[in-house]
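Colleague: If you count by my numbering, then the sequence shown holds residues 1 to 749, one letter each, in order.
Have a look at this one.
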Amino acid sequence: MSGSTTSAGRPTPNSSPTGAGASAALRPRVKLPLSWIYAPSAATLTFALRNTFAACLAVGIAFWMELDSPAWAAMTVWAVAQATRGESQSKAKWRIIGTITGAVASIALMAAAPQAPWLFFPMIAIWIGLCSGLATFVSNFRSYALVLAGYTCSIICMDAASDPDNIFTVAVSRTTYITLGVLCEAFMGLIFATTQERQARMQLRQKLESALILVTGTLCSILGEERGALNAARRQFGTILSINDQIEFAEVEMGPHGHEGDHARAALASVSALLSRGFGMAMRLQLLNHDHPAFTQAADEILSFLRELPKRIANTETVPDLLAELQHLRDVCRLYAAPHRETDIQNSNEPIPGADPFDLRLNEQDTEAHLDERVLFMSLGELLGDLELAIKEYEASTHTIPGDHFHFQRQTHRDTREAIHNGLRGACAVLVTALIYEITAWPSGLGFIAITTLVCGLFATKENPVLGTTEFLKGALVAYAVAWILVFVLMPKVTTFETLTLFLGPAMFLGGLAKGNPSTAGGAAAYGLLLPAMLGLENHHVMNEVAFYNSNMAVVMAVGISVLVFRTVLPFNSSEERLRLRRIMLTELRHLADPNYAPQISVWIGRNTDRFARLIRHAGPTPAPLIEACILGTLATLTLGLNIIRLRTLLDREYLPDSARRPIQLVLHYVEQSTRRHDKAARVANAAVRRLRALDEHETDLVTRLEMTRAITYLVVIAYTMQTNADFLDASRPFKGERSHLKLQNAPQ
């Protein structure tokens, strides 16, 4: 998934067709029901074929090896199978690690309580809860490995509960199934994969290009003062985060490589900072006087550069020329942002023909406007600096650099409360099912517990597990119906493995097609995972009706219990999560202003981009006005924090005199202490801007005046953001969206 929003073949506003053909071209293509079966995409068809062959191969080898549960080999194939080879390889590696960890834990737990169920089941619950909670703090398939360690331990323990002395044999057997399934999936993946490394590098490059194209389009809208620019900017954070997650998988596909992935992550971090910088630029354009010929001409040149960037960035050979032109534009902005006296400059040194920014024979009315121009040029130059860094990191990610030791790791949001909730839900599911088993003495009760822990483990770290488990239940019911047909109608006629594949292959192939279709992927995951287990595949007999109904009813009930647990035990609540995320973010914002705390831009951007993406995912296709206000407030808070960090950096350089440092320190103090009255902090920031303007007018040192210009640049955004987002910044009460909309000309419509 590239994350690109470009769509080849669609008409653009400048080249739209007319007449009847235009309406046909613009009409959205209707997707027919069940088209994913009879008209799948090439990628989905390849995915389904690859994993069907791998599952059948794993079952065949398991039969040949006389393994006692061949179905688990096929289940592993579908558990590991992902859309890209990088994802599959990464998940396979972490699945093996999680399986071994769970096997070792099962031996330890069984040894600790071999004949004490009222001690044994709570220990299993604690282990499941611990793994689920810790999995919340890591990302991608490292999280999967932790939950896998939890439910693998439970499955092995349930298999060996009737014969504790056999725990080691069961653990080794389970690990064998998992390894066999992983190897079969990897083998088929290698057969179907062609030029994997080259394609991975090309896809990584395309992902970064799409991110740069997105951000340059937004910057063009902001500089052009177009309506809807901020709305477009906030949507792109989710896209950027999805691209960031795919970089790790691209690194796996590239095999032995340098630090291209680190440079790619750094490029995306720069893009996120650039979007926030553009948000601040939009505020300054609204608040400050920008009716200056020099600024207008410079902005037009930069707009022209940004519009040509998508075409030029595609050719890596032109990147040096691109950076050289960008450096020239930055030099122009620096030159106009730098304060000068009339005696320090000659008229022949005009960086833009037809404009003389250094004629300071100004009356009092023009002094403030001239400082506004310098502030705007300063802001524009820093924006171009972030763009330059993003392009440099993009260029470094396209090839291996000899001797490169660059490392960049994105910081993500870590929620302790969410981790505790995940752990408690998993532990509760084990205790509830164990209680049912102890009361009823159900012969399939141990399998009932094992499948419950499996489902709870799979969805423990999901932001909204209710939706996932509901789809999983639908897939389990479909798997039950298909298994009934196979077991009672087709499989009694089977005498050889080859005949079995004639029936099993098409059933699994349909599951692969469904998994490749976004609308049915959730249910298809359950279908592919549970179908082999429901068939009762063994070497020497076919499942009878009593075993089928008893064991498979346990599977379906386990999924149903999981849905019930996620709906009743600390259920997901989007409004509560928004409040929690907002409070965490505002607490960190106050820490940024603490003089004893050393803030880092990469940490602030990484964590808040993650939170931003969560809000967008929960918003759905048509966000409510309250959700839109929360998203806009989050973006404003991200921008506010970045300007506070830059202000702190400015103070650390110690170029400013005490008369200028004191008002800035007072602003930071009020930001740090403000929990409710942010309007007071905004007034202090506005007063600091007025004080620095007065100091700048009488300052003679050029470096000091340049630093004052930077301080004003940041303070303007801090003051306006705190003034217009007072309700969002008030962590003492839930946010309802009052007085939260920025009064900007390019605000969302």
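The beta-carbon is built from N, C-alpha and C at its ideal position, and this holds for glycine as well.
These figures come from a predicted structure and were not determined experimentally.
Considering only C-alpha positions, which residue in the set VAL555, ARG710, ASP321 is nearest to THR453?
Modeller: Stepping through the sequence shown from its first residue, residue 453 is reached at position 453. Of the listed residues, the one whose Cα sits closest to THR453 is VAL555.
Colleague: How is the alpha helix (DSSP H) around GLU654 delimited, first residue to last?
Modeller: Your numbering for residue 654 matches position 654 in the sequence shown. Where GLU654 is concerned, there is no enclosing alpha helix (DSSP H), given that its DSSP letter is neither H nor E.
Colleague: How big is the Cα-Cα spacing for PHE448 and ILE213?
Modeller: Reading the sequence shown from its first residue, position 448 is the one you call residue 448. Reading the sequence shown from its first residue, position 213 is the one you call residue 213. Cα to Cα, the separation comes out at about 51 Å.
Colleague: Taking the alpha carbon of ARG336 as the point to measure from, which residue in LEU486, PHE305, PRO320, ALA299 has its own alpha carbon closest?
Modeller: For the purposes of this step, residue 336 is taken as residue 336 along the sequence shown, with counting starting at 1. Sequence check: residue 336 is Tyr here, not Arg. Closest by alpha carbon: ALA299.
Colleague: To the nearest whole angstrom, what separates the beta carbons of ILE128 and TYR151, a pair I think is in contact under 8 Å?
Modeller: Working through the sequence shown from its first residue, we reach residue 128 at position 128. Working through the sequence shown from its first residue, we reach residue 151 at position 151. That pair is a contact at about 7 Å.
Colleague: Can you tell me whether ILE222 is buried or exposed, with buried defined as 16 or more other CB within 10 angstroms of its CB?
Modeller: Along the sequence shown, read from residue 1 onward, the residue named residue 222 stands at position 222. That one is buried.
Colleague: Determine the direct distance from the alpha carbon of THR416 to that of ARG733, and round the result to whole angstroms.
Modeller: Translated into the one-based positions of the sequence shown, residue 733 becomes position 733. Translated into the one-based positions of the sequence shown, residue 416 becomes position 416. Their backbone Cα atoms lie some 21 Å apart in a straight line.
Colleague: Quick one, are the C-beta atoms of LEU615 and ARG578 less than 8 Å apart?
Modeller: In the sequence shown, residue 615 corresponds to position 615, counting from 1. In the sequence shown, residue 578 corresponds to position 578, counting from 1. Yes; because the gap between Cβ atoms is below 8 Å, this pair is in contact.
Colleague: Give me the Cβ distance between GLU790 and LEU329, rounded to the nearest whole Å; I'm assuming they're in contact under 8 Å.
Modeller: Since the first and last residues shown for the chain are 1 and 749, residue 790 lies out of range.
Colleague: From CYS153, ALA135, PRO70, pick the residue whose C-alpha is nearest to that of ILE100; which is it?
Modeller: Your numbering for residue 100 matches position 100 in the sequence shown. Per the Cα distances, CYS153.
Colleague: Could you give the first and the last residue of the continuous alpha helix (DSSP H) run that contains PHE53?
Modeller: For this step, residue 53 is matched to residue 53 along the sequence shown. Its alpha helix (DSSP H) spans residues 42 to 64.
Colleague: Who are the Cβ neighbours of LEU130 in its own chain at under 8 Å, not counting the five residues just before and after it?
Modeller: For this step, residue 130 is matched to residue 130 along the sequence shown. Counting only Cβ-Cβ distances below 8 Å, and skipping sequence neighbours, we find GLY150, GLY423.
Colleague: What do you get for HIS698, buried or exposed, if any count of 16 or more other CB atoms within 10 angstroms of its CB means buried?
Modeller: Mapped onto the sequence shown, residue 698 falls at position 698. Under this definition HIS698 is an exposed residue.
Colleague: Tell whether a beta-carbon distance below 8 Å holds between VAL80 and GLU209.
Modeller: Mapped onto the sequence shown, residue 80 falls at position 80. Mapped onto the sequence shown, residue 209 falls at position 209. It is not a contact, given that the beta carbons lie outside the stated cut-off.
Colleague: Pull up the distance between the alpha-carbon of ARG567 and that of PHE137, whole angstroms please.
Modeller: Against the sequence shown, residue 567 aligns to sequence position 567. Against the sequence shown, residue 137 aligns to sequence position 137. Near 23 Å, if we compare the C-alpha coordinates of PHE137 and ARG567.
Colleague: For a quick check, are the C-beta atoms of CYS157 and LEU119 less than 8 Å apart?
Modeller: The count along the sequence shown starts at 1 and reaches residue 157 at position 157. The count along the sequence shown starts at 1 and reaches residue 119 at position 119. No. Outside cutoff.
Colleague: Please report the distance separating the alpha-carbon of GLN82 from that of VAL147.
Modeller: If you number the sequence shown from 1, residue 82 lands on position 82. If you number the sequence shown from 1, residue 147 lands on position 147. Looking at the two C-alpha atoms, the distance is approximately 18 Å.
Colleague: What would DSSP say about VAL494, mapped onto helix, strand or coil?
Modeller: Residue 494 sits at position 494 when you count from the first residue of the sequence shown. Coil at VAL494, not helix or strand.
Colleague: How is the alpha helix (DSSP H) around MET543 delimited, first residue to last?
Modeller: Reading the sequence shown from its first residue, position 543 is the one you call residue 543. Taken as a continuous stretch (DSSP letters only), MET543 belongs to no alpha helix (DSSP H), as it is neither H nor E.
Colleague: Where does the unbroken alpha helix (DSSP H) through LYS91 begin, and where does it stop?
Modeller: As a working note, residue 91 is residue 91 in the sequence shown. Per DSSP, LYS91 belongs to the alpha helix (DSSP H) from 85 to 112.
Colleague: Which runs of the alpha helix (DSSP H), 4 residues or longer, sit entirely within the stretch 569 to 639?
Modeller: The qualifying runs are 574 to 592, 601 to 619.
Colleague: Among SER162, SER90, GLY86, VAL332, which has the Cα closest to the Cα of ALA116?
Modeller: One-based indexing of the sequence shown puts residue 116 at position 116. It is SER162 whose Cα lies nearest to the Cα of ALA116.
Colleague: Contact check, ALA73 vs ALA92 under 8 Å by CB: the rounded distance?
Modeller: Translated into positions along the sequence shown, residue 73 becomes position 73. Translated into positions along the sequence shown, residue 92 becomes position 92. ALA73 to ALA92, Cβ: 13 Å. No contact.
Colleague: Using the beta-carbon count (16 or more within 10 Å), is PHE735 buried or exposed?
Modeller: For the purposes of this step, residue 735 is taken as the residue at position 735 of the sequence shown. PHE735 comes out buried.
Colleague: Using the three-state DSSP reduction, which class does ILE401 fall into: helix, strand or coil?
Modeller: What you label residue 401 is simply residue 401 of the sequence shown in a count that begins at 1. Coil.
Colleague: Using three-state DSSP, classify GLU463 as helix, strand or coil.
Modeller: Taking the first residue of the sequence shown as 1, we reach residue 463 at position 463. Three-state DSSP puts GLU463 in coil, outside helix and strand.
Colleague: Exposed or buried, what is TRP36 when buried is set at 16 or more other beta-carbons lying within 10 Å of its beta-carbon?
Modeller: For this step, residue 36 is matched to residue 36 along the sequence shown. Answer is buried; the Cβ neighbour count reaches 16.
Colleague: Quick one: is PRO599 buried, meaning 16 or more other Cβ sit within 10 Å of its Cβ, or exposed?
Modeller: Position 599 of the sequence shown, counted from the start, is the residue given in the question as residue 599. PRO599 comes out buried.
Colleague: Enumerate in chain order the residues of its own chain whose CB-to-CB distance from GLU382 is below 6 Å, with the five nearest sequence positions on each side excluded.
Modeller: By 1-based counting over the sequence shown, the position of residue 382 is 382. Around GLU382: no qualifying Cβ.
Colleague: With DSSP run on the structure shown, which of helix, strand or coil describes TRP72?
Modeller: For this step, residue 72 is matched to residue 72 along the sequence shown. In the structure shown, TRP72 sits in a helix (DSSP, three-state: H, G or I).
Colleague: Here's the rule: buried if 16 or more other CB atoms are within 10 angstroms of the residue's CB, otherwise exposed. What is MET65?
Modeller: Within the sequence shown, the letter at position 65 stands for residue 65. Per the 10 Å Cβ criterion, exposed.
Colleague: So, are the CB atoms of GLY606 and ALA264 less than 8 Å apart?
Modeller: Numbered from its first residue, the sequence shown carries residue 606 at position 606. Numbered from its first residue, the sequence shown carries residue 264 at position 264. No, the pair does not count as a contact, with Cβ atoms beyond the cut-off.
Colleague: Classify TYR177 as buried or exposed, calling it buried when 16 or more other Cβ atoms lie within 10 Å of its own Cβ.
Modeller: Within the sequence shown, numbered from 1, the residue matching residue 177 stands at position 177. The residue is buried, with at least 16 neighbouring Cβ atoms inside 10 Å.
Colleague: So, under 8 Å CB-CB, GLY516 and THR44 are touching, yes? Tell me the CB distance rounded to an integer number of Å.
Modeller: As a working note, residue 516 is residue 516 in the sequence shown. As a working note, residue 44 is residue 44 in the sequence shown. At roughly 3 Å, the Cβ-Cβ gap stays under 8 Å, so GLY516 and THR44 are in contact.
Colleague: Assuming LEU692 contacts ILE712 under a Cβ cut-off of 8 Å, what Cβ separation, rounded to an integer in Å, is found between them?
Modeller: As a first step, residue 692 must be located in the sequence shown, where it is residue number 692. As a first step, residue 712 must be located in the sequence shown, where it is residue number 712. With a Cβ gap of about 5 Å, LEU692 and ILE712 count as contacting.
Colleague: What's the C-alpha gap between ALA113 and ILE107?
Modeller: Translated into positions along the sequence shown, residue 113 becomes position 113. Translated into positions along the sequence shown, residue 107 becomes position 107. One C-alpha to the other measures close to 10 Å.
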